[in-house]
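Colleague: Next up is a structure, given as structure tokens.
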Amino acid sequence: MNVNMNIDINKIIGLIVTVISIIGAIIGAVQGDTASSSISGNGTAQSGGTNSQPAPQPAPQPAPKLAPQPAPKPVERTPEQVRASLMRQLNEFRASQGVAPVSESAELNAIAQKWAEHEAAQGTFNHSTLKCWTYTDCPHEHIAIAGDPTAAIDVWKRSKDGHREGMYYTTSVAVGHGFARYTAGPYKGMWFVVQFWHDHNER
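Numbering (UniProt numbering) for the sequence shown: 1 to 203.
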């Protein structure tokens, strides 16, 4: 009988151990599922963060408008530069027509300059009465209103009433230039005059 009791006790102990093992396995499995669920949840949260909408960017601001800059003022040339430009362009045009250059006359420059200043101050546009100035015989004369020496030369070159031909007379030997800015009257710009002197007062 004692032997049988020992056998029963051993069975009971074995059964208890088996049950404990089963319970331990169940607890371990449950803990593993919980950890896996936690990791999966964290991964989902991270993945959800990656797919979230980007933060809104501020709207681009319009470029500031720059204040308009004033137009540059025209460079005021010296009288010597203006006369040099007129002489150079006149003789270049004469050369293009196969005619000898003319020389610059200080006396004609003074006469032409006096008349240019007179007309600009009066606000008129007239030819001079050359006999009343210096020469007993009158040279011929061109006048123009223009913005600069080049524009004045172009006015005479494009003329259809003799000014173009008058620039390359073969008898012309000396010239004088005058110019002044209008200060009165309806005209705007510079008043130019060129006076040609001939070797025999011929045109």
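The C-beta atom is built at its ideal place from N, Cα and C for all residues, glycine as well.
Counting beta carbon pairs with one atom in the segment 99-106 and one in the segment 153-172, are three or more of them shorter than 8 Å?
Modeller: Yes: at least three Cβ pairs fall under 8 Å.
Colleague: Check whether the Cβ atoms of GLY147 and GLY189 sit closer than 9 Å, and answer yes or no.
Modeller: Stepping through the sequence shown from its first residue, residue 147 is reached at position 147. Stepping through the sequence shown from its first residue, residue 189 is reached at position 189. Yes, they are a contact pair.
Colleague: In the structure shown, what three-state DSSP assignment does ARG181 receive?
Modeller: On the sequence shown, position 181 is the one that residue 181 refers to. ARG181: strand per DSSP, three-state reduction.
Colleague: Are HIS142 and VAL194 touching if we call contact CB-CB under 9 Å?
Modeller: Sequence index remark: in the sequence shown, residue 142 carries index 142 (1-based). Sequence index remark: in the sequence shown, residue 194 carries index 194 (1-based). Cβ atoms of HIS142 and VAL194: closer than 9 Å.
Colleague: Could you tell me how far apart the beta carbons of PRO139 and PHE192 are, in whole angstroms, since I believe they sit closer than 8 Å?
Modeller: As a working note, residue 139 is residue 139 in the sequence shown. As a working note, residue 192 is residue 192 in the sequence shown. Contact flag wrong, Cβ pair sits at about 16 Å.
Colleague: Closer than 7 Å by C-beta to TYR187: which residues in its own chain qualify, once you throw out the five before and the five after it? Chain order, please.
Modeller: Here residue 187 refers to the residue found at position 187 when the sequence shown is read from its first residue. Around TYR187: GLY123, PHE125, ILE145.
Colleague: According to DSSP, SER172 sits in a beta bridge with which residue or residues?
Modeller: Numbered from its first residue, the sequence shown carries residue 172 at position 172. Answer is HIS198.
Colleague: Can you tell me which of the three DSSP states HIS142 falls into?
Modeller: Residue 142 sits at position 142 when you count from the first residue of the sequence shown. Reduced to three states, the DSSP call for HIS142 is strand.
Colleague: Would you list the residues sitting across from PHE192 in a DSSP beta bridge?
Modeller: Here residue 192 corresponds to residue number 192 of the sequence shown, with the count starting at 1. DSSP, once it has assigned bridges, lists ALA144, PHE179 as partnering PHE192.
Colleague: Check each candidate in ARG164, THR129, SER128, ALA116 and name the one with the smallest Cα separation from THR183.
Modeller: For this step, residue 183 is matched to residue 183 along the sequence shown. Comparing Cα positions, the closest option is ALA116.
Colleague: Of all the CB atoms in chain C, is at least one closer than 9 Å to the CB of PRO58?
Modeller: Protein chain content of the structure displayed is limited to a single chain, and chain C is not contained in it.
Colleague: What is the DSSP secondary structure of SER103, counted as helix, strand or coil?
Modeller: By one-based count along the sequence shown, residue 103 stands at place 103. SER103 falls in the strand class under three-state DSSP.
Colleague: Could you have a look at ASN126 and say whether DSSP puts it in helix, strand or coil?
Modeller: Here residue 126 corresponds to residue number 126 of the sequence shown, with the count starting at 1. In this structure, ASN126 counts as coil in the three-state DSSP scheme.
Colleague: Expressed to the nearest angstrom, what Euclidean distance is found between the alpha-carbon atoms of GLY185 and HIS118?
Modeller: Position 185 of the sequence shown holds residue 185. Position 118 of the sequence shown holds residue 118. For GLY185 and HIS118, the distance between alpha carbons rounds to 12 Å.
Colleague: Relative to the C-alpha of ASP199, which residue among LYS114, SER103, LYS157 is closest?
Modeller: Position 199 of the sequence shown, counted from the start, is the residue given in the question as residue 199. For ASP199, the nearest C-alpha among the options comes from SER103.
Colleague: CA-CA distance, ARG158 and ALA151?
Modeller: Walking along the sequence shown from the start, residue 158 turns up at place 158. Walking along the sequence shown from the start, residue 151 turns up at place 151. If you take the alpha carbons of ARG158 and ALA151, they lie about 11 Å apart.
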